[in-house]
Each structure stands twice: as C-alpha cells, then as structure tokens.
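Asker:
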Amino acid sequence: MPGLRRLIEHIANNGTRDWLFILPSLVLLTLLGLPLLALFGRAINADFFTQALSPSALEALRLSLVTSLLTVAVTVALGTPLAYMLARWQFPFKSWATTLIDLPVILPPSVAGLALLVAFGRRGLFGAALNELGIQLPFTTAAVVIAQLFVSAPLYVRAARIGFNEIDVQLEEAAHVEGADQWQLFREVMFPLAGRSLVSGAILTWTRALGEFGATIMFAGNLEGVTQTMPLAIYLGFERDLGVAIALSVVLVGVSILILAVTRKLDKTHR
Amino acid sequence: MKRLLSLLFVFTLFVAGCAPLATPTPAPTESPAATEVAVTVPPTTAPEPRTLTVFAAASLKDAFTEIGKNFEGAHPGVTVALNFAGSQTLRTQLEEGAAADVFASANHTEMDNAVKAGLVQDGAARDFLTNKLLVILPASNPANLTSLQDLTRSGVKVVLAADTVPAGKYARQILDKMSQDPSFGSDFGTKVLANVVSNENDVKQVVAKVQLGEADAGIVYVSDAIAAPELVTIEIPAELNVLAQYPIAALTQAPQPELAADFVAYVLSSEGQDILVKWGFSAIQ
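Just so you know, the sequences run in chain order A and B. Just so it is clear: in the first sequence, position 62 is 154 by our numbering, and no numbers are missing. Just so it is clear: in the second sequence, position 115 is 118 by our numbering, and no numbers are missing.
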C-alpha cells in the first residue's frame with residue numbers, strides 16, 4: 093500500500109496539524125460506512141438466500157428491474173434530443189428548460205409524488221382528460237415508471253448536456269463544411285463522441301430509478317407485483333420480516349456498488 | 004484554535020448521534036386546558052423540563068394529540084412527544100432500540116409481540132378503548148357505491164391497510180366473516196381483495212388515498228371517519244364487524260417511568276376516555 097506509506101510520511105512531516113483533516117474525515121467515513129457494514133453483518137446468516145429469493149422479494153426485484161429499465165429507455169429516447177438542444181441550440185425559454193431539468197434532482201421525492209398526484213391523479217389537473225381516454229394512472233405500473241422518470245430522467249439529461257458541450261465546436265464546423273446536415277452531424281459526430289457521458293448518465297438515471305421510493309409510494313401506491321418495487325418492499329416489509337428487508341437491502345447495496353464500479357471504469361477510460 | 008473548536012463540534016455531533024434514537028422535542032406549549040384537567044401529580048414549584056415519548060397507533064392521531072396537550076397542561080415542564088405510525092412499525096422501531104415511554108397499539112398482536120421482546124412487562128398492558136370499522140368513500144363517490152355488495156364490482160379501486168397493519172388485519176377478518184354470510188357469498192372476500200389496488204402502511208394513508216379521490220373505497224376505523232367528516236361512509240353490520248381492542252402500556256425501559264405510568268392512568272381516567280369517545284372511539288368500560 094504505497095498510498096498508506098505516503099500518508100504516514102505526510103503526517104510525520106507535518107505533525108499534528110494533519111489530524112485536523114484526518115479526524116473529521118474518519119468520523120464522516122465511519123458514519124457512512126458503519127450502517128452498510130451493519131447491514132451486511134445482519135444479512136450474513138443461513139437464511140440469506142432463502143430470504144433474498146423468497147417469492148415476494150423476487151417479485152419486487154423483477155418489478156424494479158422492469159420499471160427502471162423502461163425508465164432508462166424512455167429517458168434516453170426523449171432526453172438525448174433535449175440534452176443536445178440544451179447544449180447546442182439557442183431557443184426561447186432555454187433557461188426555463190434548464191431550470192426544469194435541474195429542479196427534480198433537488199426536489200424532495202414526497203413533493204414529486206404530490207405534484208404527480210395533483211397533475212395526473214384522478215382528480216388532478218389532467219385526470220379528467222386522461223379518464224376520457226380510459227387512462228387512470230395511479231396504482232398502476234405505468235405510474236411507477238412515471239414517478240421514476242420524473243425524479244431520474246434529469247440526471248441523464250444533465251450528464252448528456254455536459255457530454256455534448258465538451259465536444260469541440262471546430263469538429264462540428266468541419267462536419268458542416270463536409271456537407272453534413274443536422275441529423276448526420278448528430279449521428280456521426282456528436283452521438284459517438286458523447287457516448288461515454290451518455291452511458292454514465294443513463295447509469296445514473298438507472299440507479300436513481302432503482303432507488304425511487306417517495307414519489308412511487310405516493311403516486312403509485314403499494315401492491316405486490318404491480319407497484320411494489322424493492323425500496324417499497326424494504327420499507328413495508330421490515331416490520332413483517334426484518335430478514336427479508338435486510339436481504340433485499342443488501343441486494344440493492346450490491347447492485348449499487350457494482351454500478352458505481354462500472355461508471356468509474358467508464359470515467360477512467362474516458363480520461 | 005477555531006479549527007480545533009469546529010473539530011470538537013463535529014465530534015460532539017457524532018457522539019450525540021450514537022445516543023439512542025431521540026425524538027424531536029417541540030417547544031412546550033402553553034396550557035389552555037390546565038384548568039379543566041384533574042391534576043394527578045401536584046406540580047412542583049420549579050418543574051424540570053422533561054419529555055415523555057409516546058408511540059401510538061396511527062388511528063389515535065387526533066385523540067392522542069389532544070390527550071397529550073392536556074397532559075402537558077397538567078404537568079408543567081413536561082413535553083409529550085408523540086410518534087404515530089402503524090402499530091407494527093412502532094413495535095419494530097421499539098425492538099430496534101427506539102427510546103420511548105408508552106406504547107399504544109391498535110391490536111393485541113403487536114402488544115403481545117412487544118411483551119415477547121421484553122419491551123413491556125407481561126400483564127402490564129391494559130385495554131383502553133374499542134373501535135369498529137366501516138367503509139369510506141370519497142365525497143364524490145366516483146364508483147357510485149351504495150352497498151357493501153358493490154365492493155365486489157369489477158373495476159372498483161379498493162385501498163386497504165397492509166395485512167401487517169392492525170387495520171388491515173381487521174379488514175381482512177371482516178371480509179372473511181362476510182364471505183361466510185350467505186347474503187354476501189363465499190367468494191365475497193376474494194373478489195374484494197382482487198379489487199385492492201394498494202396496501203398502505205398505516206390506516207391514515209388509506210384515509211388519505213380516499214380523501215384524494217384516487218381510491219373508490221377504503222376500510223378504516225369508525226374513528227377515522229369521525230376525523231374526516233367530508234367522507235361518505237357505509238356501515239358494516241355489528242355481526243360482521245370486529246371489535247378492535249387497543250392496549251396501552253408503559254415500557255420496561257421507559258426513560259420517564261413515573262410520567263409513563265401517569266400518562267397511562269390519564270388515558271384510562273374518565274377524562275381521557277371522554278376525549279377518546281369524542282374522537283369516535285368507544286370507552287372500555
């Protein structure tokens with residue numbers, strides 16, 4: 093561990109002042125790490141696999157995967173053009189659009205859930221119109237996807253916008269000179285060059301969608317197999333069977349660590 | 004020096020964070036009801052500020068908020084911190100080490116679980132009220148429900164409390180009873196359960212979903228309907244209903260054992276019972 097030796101040397105050279113950095117850091121790292129360790133500690137028992145593989149746990153896992161991947165697909169389809177426009181075009185109300193993209197990221201999920209209810213609920217702003225079309229969103233899997241989209245799609249758009257922004261304008265001009273139209277430019281130059289940003293943005297959106305809880309429980313309710321995703325199963329299951337909740341949590345932590353590792357790798361190869 | 008101080012501050016926070024789950028202590032309220040409350044413990048000349056933490060079933064929200072205010076009025080310096088949730092959530096929180104003085108459950112199951120976990124002394128719990136259930140509908144009654152039989156109509160959106168929640172357990176017991184009644188038919192319960200679109204984590208969330216008009220019907224306590232008078236109700240006949248019995252007990256690890264005993268006594272007193280009756284519960288005697 094050359095890093096550790098360097099740290100020790102650094103402390104030896106600088107004396108006690110270093111502790112002003114090290115101690116607070118340790119406190120925070122402990123605070124962040126201990127709960128996860130405790131979760132794994134409690135999960136290690138003979139029942140782990142039977143609990144993680146129980147029918148209701150698997151049902152929640154299946155629903156989580158289906159809805160979050162749908163969310164990612166819709167996000168990429170709708171978010172890529174938007175990110176491109178935000179990065180390269182000038183249009184009226186652009187700053188409004190930017191704010192709209194930034195807002196859900198910092199909005200509490202319960203606010204998101206309530207907003208979705210008053211917009212798309214049966215008595216919501218568009219509830220009557222949707223009802224005419226025979227669509228009632230609350231308590232459906234579609235509502236789960238919409239809740240996930242609302243809170244997680246902006247993450248992708250933000251990442252993609254930055255990715256597009258980083259591309260050298262001269263490259264675009266060159267493509268223009270070569271006679272490429274807007275669509276060719278996007279498909280042949282911008283999309284491949286921003287590829288890594290798009291992928292890491294999509295992964296961010298996926299993790300956020302997987303973890304979505306507050307907006308889902310308010311807007312979509314809780315029914316096994318229809319709207320009960322993993323976070324809901326953990327929250328509502330912890331009093332039924334703490335073991336199942338812990339097993340599910342460990343699965344989610346595992347998936348999250350894996351996702352982080354992949355994004356890191358992508359970032360590294362990028363640089 | 005400044006940095007050292009801030010470091011100390013961080014450490015204090017950390018140590019404080021290690022203490023058992025503390026409940027937020029709202030500022031002690033003035034005591035408007037003090038005059039009309041029988042004082043069980045004479046107020047001392049210089050009351051030390053104390054906090055009594057009460058974990059109570061979600062259905063008790065309105066009644067216990069009032070009881071808590073009165074109790075504060077009769078006990079200068081005492082703040083009653085109330086934590087409302089489904090009884091099963093409260094019991095789990097207590098098992099995981101949440102510090103509380105009093106536990107009021109909406110059924111015997113969770114109180115028995117608390118006894119088994121050593122949180123409550125065996126035999127210490129006392130029933131303090133009974134409750135019944137009914138069906139609530141949004142004021143607009145979007146599904147045009149007029150009878151209990153209508154609950155089986157396909158497409159009716161029914162919301163129940165989850166089967167771990169006392170109100171959810173009671174609701175399912177009632178559906179079972181109705182299924183044994185020939186006038187409803189043996190598949191009544193199955194059909195209603197097939198109409199369930201969401202299993203909520205406590206009974207107040209069932210009320211909220213119906214109030215919002217998202218659900219067509221919910222099965223909740225009579226007391227919940229009293230607290231939300233704008234809702235339409237369909238009564239469940241007594242022979243098909245259940246008698247929900249709520250037990251209350253001071254916890255063995257209560258940080259304020261004397262106050263806890265006082266609070267339980269106050270809930271059981273005629274004054275406490277009057278408040279409960281006012282909020283739609285039935286007194287135990």
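Virtual Cβ for every residue (Gly too), placed ideally from N, Cα, C.
Return the CA-CA distance between Glu203/B and Thr155/B, expressed in angstroms with no decimal places.
Answerer: If you number the second sequence from 1, residue 203/B lands on position 200. If you number the second sequence from 1, residue 155/B lands on position 152. Rounded to the nearest angstrom, the two C-alpha atoms are 20 Å apart.
Asker: Please check the pair Leu97/B and Ile239/B, which I expect to be a contact at CB under 8 Å, by giving their CB distance rounded to whole angstroms.
Answerer: What you label residue 97/B is simply residue 94 of the second sequence in a count that begins at 1. What you label residue 239/B is simply residue 236 of the second sequence in a count that begins at 1. No, Leu97/B and Ile239/B are not in contact; Cβ-Cβ is about 31 Å, not under 8 Å.
Asker: Hey, is Arg214/A's beta-carbon within less than 8 Å of any beta-carbon in chain B?
Answerer: Numbered from its first residue, the first sequence carries residue 214/A at position 122. Closer than 8 Å: yes.
Asker: Taking 7 Å as the limit between beta carbons, can you name the residues of its chain near Ile254/A, skipping five residues before and five after?
Answerer: As a first step, residue 254/A is located in the first sequence; it is residue number 162 there, counting from the start. Once the five neighbours on either side are set aside, the close Cβ partners of Ile254/A are Ser289.
Asker: Taking 7 Å as the line, does the beta carbon of Val237/A fall inside it for any heavy atom of the ligand GDP?
Answerer: Ligands in the displayed structure: none, and consequently the ligand GDP is not present.
Asker: How far does the beta strand (DSSP E) with Leu263/A in it extend, from its first residue to its last?
Answerer: Taking the first sequence and counting its residues from 1, one reaches residue 263/A at position 171. Run containing Leu263/A: none in the beta strand (DSSP E); it sits in the alpha helix (DSSP H), Val261 to Val269.
Asker: Which residues in chain A sit within 8 Å of Pro145/B, going by Cβ to Cβ distance?
Answerer: Here the question's residue 145/B lines up with position 142 in the second sequence. Residues of chain A passing the Cβ test: Arg214.
Asker: When the cut-off is 8 Å and only beta carbons count, does Leu328/A lie next to chain B?
Answerer: Translated into the one-based positions of the first sequence, residue 328/A becomes position 236. Closer than 8 Å to some Cβ of chain B, the Cβ of Leu328/A qualifies, so yes.
Asker: Residues of chain B with a CB under 8 Å from the CB of Phe183/A: which are they?
Answerer: Taking the first sequence and counting its residues from 1, one reaches residue 183/A at position 91. Within chain B, no residue comes near Phe183/A; the closest Cβ sits about 37 Å away, beyond 8 Å.
Asker: Just to confirm, is the Cβ distance from Thr163/A to Thr297/A under 8 Å?
Answerer: Residue 163/A sits at position 71 when you count from the first residue of the first sequence. Residue 297/A sits at position 205 when you count from the first residue of the first sequence. Taking 8 Å as the Cβ cut-off, Thr163/A and Thr297/A qualify as a contacting pair.
Asker: If you run the structure through DSSP and keep just helix, strand and coil, what is Glu203/B?
Answerer: On the second sequence, position 200 is the one that residue 203/B refers to. Here Glu203/B sits in strand by DSSP.
Asker: Could you give the distance in angstroms between the alpha-carbon of Ala252/B and the alpha-carbon of Val249/A?
Answerer: Stepping through the second sequence from its first residue, residue 252/B is reached at position 249. Stepping through the first sequence from its first residue, residue 249/A is reached at position 157. Roughly 53 Å separates the two Cα atoms.
Asker: Start and end of the alpha helix (DSSP H) containing Arg253/A?
Answerer: Numbered from its first residue, the first sequence carries residue 253/A at position 161. Its alpha helix (DSSP H) spans residues Thr233 to Asn257.
Asker: From the DSSP secondary-structure annotation, give me the bridge partner or partners of Val223/B.
Answerer: Start at 1 with the first residue of the second sequence, and residue 223/B comes out as number 220. Bridge partners of Val223/B: Leu137/B.
Asker: Grab the span of the beta strand (DSSP E) containing Asn147/B for me, first residue to last.
Answerer: To locate residue 147/B, count along the second sequence from 1; it is residue 144. Looking at the DSSP string, Asn147/B is not in any beta strand (DSSP E), and its letter there is neither H nor E.
Asker: Does Ser182/B have its Cβ less than 8 Å from a Cβ in chain A?
Answerer: Locating residue 182/B in the second sequence gives position 179, where the first residue counts as 1. With 8 Å as the cut-off, Ser182/B does not count as an interface residue toward chain A.
Asker: Would you mind stating whether Phe242/A and Leu229/A have Cβ atoms separated by less than 8 Å?
Answerer: Residue mapping note: residue 242/A aligns to position 150 of the first sequence, counting from 1. Residue mapping note: residue 229/A aligns to position 137 of the first sequence, counting from 1. No, the pair does not count as a contact, with Cβ atoms beyond the cut-off.
Asker: Please name the residue in Leu209/A, Arg215/A and Ser244/A whose C-alpha comes closest to that of Thr167/A.
Answerer: Along the first sequence, read from residue 1 onward, the residue named residue 167/A stands at position 75. Considering only alpha carbons, the answer is Ser244/A.
Asker: Between Arg97/A and chain B, is there a C-beta pair that is closer than 8 Å?
Answerer: Here residue 97/A refers to the residue found at position 5 of the first sequence. So, not an interface residue.
Asker: Is there at least one Cβ from chain A nearer than 8 Å to Asn204/B's Cβ?
Answerer: Indexing the second sequence from 1 puts residue 204/B at position 201. It does; some Cβ of chain A falls within 8 Å.
Asker: Helix, strand or coil: which one does DSSP assign to Ile100/A?
Answerer: Position 8 of the first sequence, counting from 1, holds the residue named residue 100/A. Ile100/A: helix per DSSP, three-state reduction.
Asker: Could you tell me which chain A residues have their CB closer than 7 Å to the CB of Gly216/B, listed as they occur along the chain?
Answerer: Translated into positions along the second sequence, residue 216/B becomes position 213. Simply Arg214 and Arg215.
Asker: Using a 10 Å radius around the Cβ and a threshold of 16 neighbouring Cβ atoms, would you call Lys292/B buried or exposed?
Answerer: Residue 292/B falls outside the range modelled here, since chain B spans only 4 to 288, and no answer is possible.
Asker: Between Lys119/B and chain A, is there a C-beta pair that is closer than 8 Å?
Answerer: For the purposes of this step, residue 119/B is identified with residue 116 of the second sequence, where counting begins at 1. So, not an interface residue.
Asker: What's the gap between the Cα of Asn257/A and the Cα of Pro246/A?
Answerer: Position 165 of the first sequence, counted from the start, is the residue given in the question as residue 257/A. Position 154 of the first sequence, counted from the start, is the residue given in the question as residue 246/A. Taking the straight line from one Cα to the other gives about 16 Å.
Asker: Check the Cβ of Leu209/A against every Cβ in chain B and list those closer than 9 Å, keeping chain order.
Answerer: Mapped onto the first sequence, residue 209/A falls at position 117. Result: Leu215 and Glu217.
Asker: List the whole-angstrom C-beta distance separating Glu113/B from Arg94/B, where the pair is believed to meet the contact cut-off of C-beta under 8 Å.
Answerer: Within the second sequence, residue 113/B is the residue found at index 110, counting from 1. Within the second sequence, residue 94/B is the residue found at index 91, counting from 1. Right, the Cβ-Cβ distance comes to about 5 Å (below 8 Å), so this counts as a contact.
Asker: Do Thr299/A and Ser348/A have their beta-carbon atoms positioned less than 8 Å apart in this structure?
Answerer: Within the first sequence, the letter at position 256 stands for residue 348/A. Within the first sequence, the letter at position 207 stands for residue 299/A. Yes, the pair counts as a contact, with Cβ atoms nearer than the cut-off.
Asker: Mind pulling the chain B residues with CB within less than 8 Å of Gly205/A?
Answerer: Here residue 205/A refers to the residue found at position 113 when the first sequence is read from its first residue. Going along chain B, no residue has its Cβ under 8 Å from Gly205/A, so there is no contact; the nearest lies around 11 Å.
Asker: With a threshold of 8 Å between beta carbons, is Gly171/B in contact with chain A?
Answerer: Within the second sequence, numbered from 1, the residue matching residue 171/B stands at position 168. It does not: the Cβ of Gly171/B has no partner Cβ on chain A nearer than 8 Å.
Asker: Under 8 Å by Cβ, that's how I've got Thr159/A and Thr233/A pegged, so tell me the actual separation to the nearest angstrom.
Answerer: As a working note, residue 159/A is residue 67 in the first sequence. As a working note, residue 233/A is residue 141 in the first sequence. Going by Cβ atoms, the distance from Thr159/A to Thr233/A rounds to 6 Å, so yes, they are a contact pair.
Asker: Measure the Cβ-Cβ separation of Leu277/A and Phe305/A and say whether it is below 8 Å.
Answerer: The sequence position of residue 277/A within the first sequence is 185, counting from 1. The sequence position of residue 305/A within the first sequence is 213, counting from 1. Contact flag unset, no.
Asker: Whose Cβ in chain B lies nearer than 7 Å to the Cβ of Pro230/A?
Answerer: Here residue 230/A corresponds to residue number 138 of the first sequence, with the count starting at 1. Going along chain B in sequence order, the residues near Pro230/A (Cβ under 7 Å) are Glu217.
Asker: Taking Cβ positions, are Ala142/B and Leu234/B nearer each other than 8 Å?
Answerer: By 1-based counting over the second sequence, the position of residue 142/B is 139. By 1-based counting over the second sequence, the position of residue 234/B is 231. The answer is yes: Cβ separation under 8 Å.
Asker: Indicate whether Ala235/A and Phe311/A have their beta-carbon atoms separated by less than 8 Å.
Answerer: Mapped onto the first sequence, residue 235/A falls at position 143. Mapped onto the first sequence, residue 311/A falls at position 219. Yes.
Asker: Report, in whole angstroms, the separation of the C-beta atoms of Leu163/B and Val213/B, which I expect to be a contact under 8 Å.
Answerer: To locate residue 163/B, count along the second sequence from 1; it is residue 160. To locate residue 213/B, count along the second sequence from 1; it is residue 210. With a Cβ gap of about 11 Å, Leu163/B and Val213/B do not count as contacting.
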